[in-house]
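Following: one structure in structure tokens, then a few remarks.
Number of protein chains: 2
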Amino acid sequence: MNTLKGACIIGQSGGPTSVINASAYGVIRTALDNPNITAVYGAEHGIKGVLNDRLFDMSQEDPAELELMKFTPSSALGSCRYKIKDPDVDDTDYKRILEVFKKHDVRYFFYNGGNDSMDTCNKISKYMQKVGYDCRVMGVPKTIDNDLFGTDHCPGYASAAKYIATSCMEVYQDARVYDTGMICIVEIMGRHAGWLTAAAALATEFGAGPDLIYVPEVDFDMDKFLADVERIYKEKGNCMVAVSEGIHYADGSFVSEAKTSATDGFGHAQLGGLAAMLANVVKEKVGAKVRGIELSLLQRCGAHLASKTDIEESFMAGKAAVENAVNGITDKMVAFERCDENGHYVCKTKLMNLTDVANTEKKLPVEWINEEHNGIKREFVEYALPLIQGEPERPLQSSLPRFVNLKKVIAK
Amino acid sequence: MNTLKGACIIGQSGGPTSVINASAYGVIRTALDNPNITAVYGAEHGIKGVLNDRLFDMSQEDPAELELMKFTPSSALGSCRYKIKDPDVDDTDYKRILEVFKKHDVRYFFYNGGNDSMDTCNKISKYMQKVGYDCRVMGVPKTIDNDLFGTDHCPGYASAAKYIATSCMEVYQDARVYDTGMICIVEIMGRHAGWLTAAAALATEFGAGPDLIYVPEVDFDMDKFLADVERIYKEKGNCMVAVSEGIHYADGSFVSEAKTSATDGFGHAQLGGLAAMLANVVKEKVGAKVRGIELSLLQRCGAHLASKTDIEESFMAGKAAVENAVNGITDKMVAFERCDENGHYVCKTKLMNLTDVANTEKKLPVEWINEEHNGIKREFVEYALPLIQGEPERPLQSSLPRFVNLKKVIAK
Numbered sequence: 001m002n003t004l005k006g007a008c009i010i011g012q013s014g015g016p017t018s019v020i021n022a023s024a025y026g027v028i029r030t031a032l033d034n035p036n037i038t039a040v041y042g043a044e045h046g047i048k049g050v051l052n053d054r055l056f057d058m059s060q061e062d063p064a065e066l067e068l069m070k071f072t073p074s075s076a077l078g079s080c081r082y083k084i085k086d087p088d089v090d091d092t093d094y095k096r097i098l099e100v101f102k103k104h105d106v107r108y109f110f111y112n113g114g115n116d117s118m119d120t121c122n123k124i125s126k127y128m129q130k131v132g133y134d135c136r137v138m139g140v141p142k143t144i145d146n147d148l149f150g151t152d153h154c155p156g157y158a159s160a161a162k163y164i165a166t167s168c169m170e171v172y173q174d175a176r177v178y179d180t181g182m183i184c185i186v187e188i189m190g191r192h193a194g195w196l197t198a199a200a201a202l203a204t205e206f207g208a209g210p211d212l213i214y215v216p217e218v219d220f221d222m223d224k225f226l227a228d229v230e231r232i233y234k235e236k237g238n239c240m241v242a243v244s245e246g247i248h249y250a251d252g253s254f255v256s257e258a259k260t261s262a263t264d265g266f267g268h269a270q271l272g273g274l275a276a277m278l279a280n281v282v283k284e285k286v287g288a289k290v291r292g293i294e295l296s297l298l299q300r301c302g303a304h305l306a307s308k309t310d311i312e313e314s315f316m317a318g319k320a321a322v323e324n325a326v327n328g329i330t331d332k333m334v335a336f337e338r339c340d341e342n343g344h345y346v347c348k349t350k351l352m353n354l355t356d357v358a359n360t361e362k363k364l365p366v367e368w369i370n371e372e373h374n375g376i377k378r379e380f381v382e383y384a385l386p387l388i389q390g391e392p393e394r395p396l397q398s399s400l401p402r403f404v405n406l407k408k409v410i411a412k
Numbered sequence: 413m414n415t416l417k418g419a420c421i422i423g424q425s426g427g428p429t430s431v432i433n434a435s436a437y438g439v440i441r442t443a444l445d446n447p448n449i450t451a452v453y454g455a456e457h458g459i460k461g462v463l464n465d466r467l468f469d470m471s472q473e474d475p476a477e478l479e480l481m482k483f484t485p486s487s488a489l490g491s492c493r494y495k496i497k498d499p500d501v502d503d504t505d506y507k508r509i510l511e512v513f514k515k516h517d518v519r520y521f522f523y524n525g526g527n528d529s530m531d532t533c534n535k536i537s538k539y540m541q542k543v544g545y546d547c548r549v550m551g552v553p554k555t556i557d558n559d560l561f562g563t564d565h566c567p568g569y570a571s572a573a574k575y576i577a578t579s580c581m582e583v584y585q586d587a588r589v590y591d592t593g594m595i596c597i598v599e600i601m602g603r604h605a606g607w608l609t610a611a612a613a614l615a616t617e618f619g620a621g622p623d624l625i626y627v628p629e630v631d632f633d634m635d636k637f638l639a640d641v642e643r644i645y646k647e648k649g650n651c652m653v654a655v656s657e658g659i660h661y662a663d664g665s666f667v668s669e670a671k672t673s674a675t676d677g678f679g680h681a682q683l684g685g686l687a688a689m690l691a692n693v694v695k696e697k698v699g700a701k702v703r704g705i706e707l708s709l710l711q712r713c714g715a716h717l718a719s720k721t722d723i724e725e726s727f728m729a730g731k732a733a734v735e736n737a738v739n740g741i742t743d744k745m746v747a748f749e750r751c752d753e754n755g756h757y758v759c760k761t762k763l764m765n766l767t768d769v770a771n772t773e774k775k776l777p778v779e780w781i782n783e784e785h786n787g788i789k790r791e792f793v794e795y796a797l798p799l800i801q802g803e804p805e806r807p808l809q810s811s812l813p814r815f816v817n818l819k820k821v822i823a824k
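Respectively, the protein sequence lines represent chains G and C. Mapped onto our numbering, the consecutive letters of the first sequence carry residue numbers 1 to 412. Mapped onto our numbering, the consecutive letters of the second sequence carry residue numbers 413 to 824.
Here it is as structure tokens:
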């Protein structure tokens, strides 16, 4: 084994999730316990914390407090949306990163994020190889969007999916309480991929979910949508709809951004989101009581409904990144492989080349969308159900969440 | 004791809550077990179910299934918003109610609802007295708005408050994850009373809640609001705001309904709600990234975050209604009295005259609102904290909620 001694950095990047901190904790805990890793630094706001030499010394944190990261949503170290330049165009950032790495003797770099973050991670990895600086670089996946290439699923997805399914089941009860009917439109995140919106089908599976589901993998047709809603509403007296924020017309334009069209007929800026807009269109067309609900940030930070499986797998991804790196692996992202052991779901880690992962999107399989393009097939339910299992014993204070409070001691 | 034998009806009315079914279950379970009550009927859609003679025979339900009502949000029997006429103007409905009562030998009538429902309950009670039909009529309170007169708090409020506080704590984590600032505006229910919005102060109490809270008990001033937000944002780099849907200007007009004004400057209909509108105003004025989040129906059906205390008290209210009625009491609403036993919160039931309760609103005490009218004082936190305590062991199926499935067998 190729032993490499030195410090490590863990950074978090992109939109947070309910369990991204569980992955970071997997890295930090495993690294703190490893004799080859001489110091564990948390970068403040991802790669920006490296550029600004703002690194938290994680060994200064109380171990019991640190463990609360497993139950704390959002990025405890701070995140960023910083797009690093192509090093052939401008290598200023890379030189600075190398400088900070050398200053702190950083030999391990772990980057916790989605597509864009894996691109950053990949560029840094390749740069360090090019300049001959011995540093093992590993991507630790996270995204509620579930759209990372090469992994069965992504840490963070299942907890958001569980939040969405549970909330849909509850809204379903509420939205049909009167003898006068109602149409309810729930807007779910997912600009390009329908994985999150498809999670509403888990509610439908248990008899309390949307009648209609629209995802961005197929084109949206407003007239067909209105006919679908009107038909269900007339049949049942109620109608519940789930839509991805990213649904688009055949010409590629987002429905949410449509300012004027023959069908929706608005000539002014939309203040609310897609749900509010669709609710208005449906109200005009069907004449029913309509309510639009946007799950907004709630779906990605609703840690109180986190999947225990997701928390454990997220931790495992961070742990595997450190263990593999210490064992000589570099330039990879930890990914998940789904195994069937005697009919039981088991998740194992595997490794993907960062080059293959960076900037590649994995969409919801079109075969899992029904022929009418307004619903999700059972194959998806079978895929998603194992991921959302288990309730964590989340720490509480006065019956409210007890989140981590880090000291964030800056490394000298 | 004045023994009265006969059937009972339980009806649910008005906007549902996470625990209104726990109260209905308190009535149903207690009534099924009482020898003086010969039959237990659930009215389909409240008083409309009586008018239509659509009564479910609750003895036909499986007892274990029935108990799931404690954990099922929304009105399991169906609700209504039917406004019963003044009997001196038009007594058609009352005659019909009496007819159905006589048909099924109904001697006990329990009505589970808020202000308007207590008005219905009161009118029916007085009518039965007037025509000399021996029927004991009891109101069972529920409302997330917490605005019923004469009770320390209302069943349903605490669970919504807990949902709001928890969600604010989670959003707080998410909304400050980047090094670029953000302003986040959370819209909370409450057309006339600020109790629900004040619950956001519970999040602030634990260091992760709104910087600013606006309730409808005091007039809203857009310029002052914008100055408040801008000041906090400049000081902290982030700002989180909670607003009641019912905030209004000094002239009484709702901020949410303002079409044009010097300050908000819109000349067209609002599609989104108040949060979207305020987000736009703040964006224009402060120039920051702003996100509006409307908790919408989620806050009143989020049973997965129900307060165990609230569930138990809601059940207790239903139980007390039956026990008191069987003991000869009529024309009352069950209310809550807060007692201090050796420094511990204890909740006991008491009885209020329906006449006194009907249509009277209890607002958030103005003394609990800070002098700047942009925050909530600690007195409120001390009031609300005991109410949200405890996590119920909610039944799950595949880690998703298992709600009640009633057979709903119509009484012949």
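For each residue, glycine too, the CB sits at the ideal point set by N, CA and C.
Hey, is residue i's beta-carbon within less than 9 Å of any beta-carbon in chain G?
i                : result
Phe618 (chain C) : yes
Ile496 (chain C) : no
Ile800 (chain C) : yes
Pro428 (chain C) : yes
Ser825 (chain C) : The structure shown does not extend to residue 825 (chain C), since chain C is modelled only from 413 to 824, so the question has no answer here.
Leu614 (chain C) : yes
Glu669 (chain C) : no
Cys596 (chain C) : yes
Gly685 (chain C) : yes
Applying the criterion that 16 or more other CB atoms from any shown protein chain within 10 Å of the CB defines a buried residue, is residue i buried or exposed?
i                : result
Gln397 (chain G) : exposed
Ala200 (chain G) : buried
Asn527 (chain C) : buried
Thr17 (chain G)  : buried
Ser253 (chain G) : exposed
His268 (chain G) : For His268 (chain G), the pLDDT reaches just 41, beneath the cut-off of 50, and the residue's location in the model is therefore unreliable, although a value from the coordinates is still provided. The residue in question, His268 (chain G), is exposed, as its Cβ has fewer than 16 Cβ neighbours within 10 Å.
Glu294 (chain G) : buried
Ile84 (chain G)  : buried
Glu805 (chain C) : exposed
Cys239 (chain G) : buried
Ile376 (chain G) : buried
Determine, for residue i, whether the minimum Cβ-Cβ distance to residues of chain C falls below 9 Å.
i                : result
Val434 (chain G) : Absent from the structure is residue 434 (chain G), since the part of chain G shown begins at 1 and ends at 412.
Gly190 (chain G) : no
Ser307 (chain G) : yes
His465 (chain G) : With chain G covering only 1 through 412, there is no way to say anything about residue 465 (chain G).
Glu217 (chain G) : no
Leu385 (chain G) : yes
Lys350 (chain G) : no
Ala276 (chain G) : yes
His153 (chain G) : no
Taking C-beta pairs closer than 8 Å, name the residues in chain G that residue i reaches, listed in chain order.
i                : result
Thr578 (chain C) : His304, Leu400 and Pro401
Cys713 (chain C) : Glu170, Val171, Gln173 and Asp174
Glu803 (chain C) : Leu396 and Ser399
Could you name the residues of chain C that residue i contacts, counting a contact when the two beta carbons are closer than 7 Å?
i               : result
Ser74 (chain G) : Gln585, Asp586 and Val589
Please return the same chain residues whose Cβ sits closer than 6 Å to the Cβ of residue i, not counting the five positions on each side in sequence.
i                : result
Ala577 (chain C) : Ala611, Leu614 and Ala615
Thr263 (chain G) : Here Thr263 (chain G) scores only 38 on pLDDT, less than 50, and its place in the model should not be relied on; the value that follows carries that caveat. Only Met222 meet the Cβ criterion.
Gln389 (chain G) : Thr309
Val186 (chain G) : Ala242 and Ile293
Near residue i, which residues of its chain fall below 7 Å by C-beta distance, leaving aside the five closest residues on each side in sequence?
i                : result
Asn122 (chain G) : Leu354, Thr355 and Ala358
Lys407 (chain G) : Gln60 and Glu61
Ala729 (chain C) : Ser435, Gly438, Val552, Pro553, Pro567, Val746 and Thr761
Output, in chain order, the set of chain G residues within a Cβ distance shorter than 9 Å of residue i.
i                : result
Ile705 (chain C) : Glu294, Ser296, Leu297 and Leu298
Find the residues of chain C that neighbour residue i, judging by a C-beta separation of less than 8 Å, and give them in chain order.
i                : result
Gln397 (chain G) : Phe618
Lys48 (chain G)  : Asp591
Output, in chain order, the set of chain C residues within a Cβ distance shorter than 9 Å of residue i.
i                : result
Lys162 (chain G) : Ser811 and Leu812
Decide yes or no for the touch test of the segment 534 to 550 of chain C against the segment 741 to 749 of chain C: beta carbon pairs closer than 8 Å, at least 3 of them.
Short answer: they touch.
Are there three or more Cβ pairs, one per stretch, closer than 8 Å when the segment 629 to 646 of chain C is compared with the segment 771 to 791 of chain C?
Touching, per the Cβ criterion.
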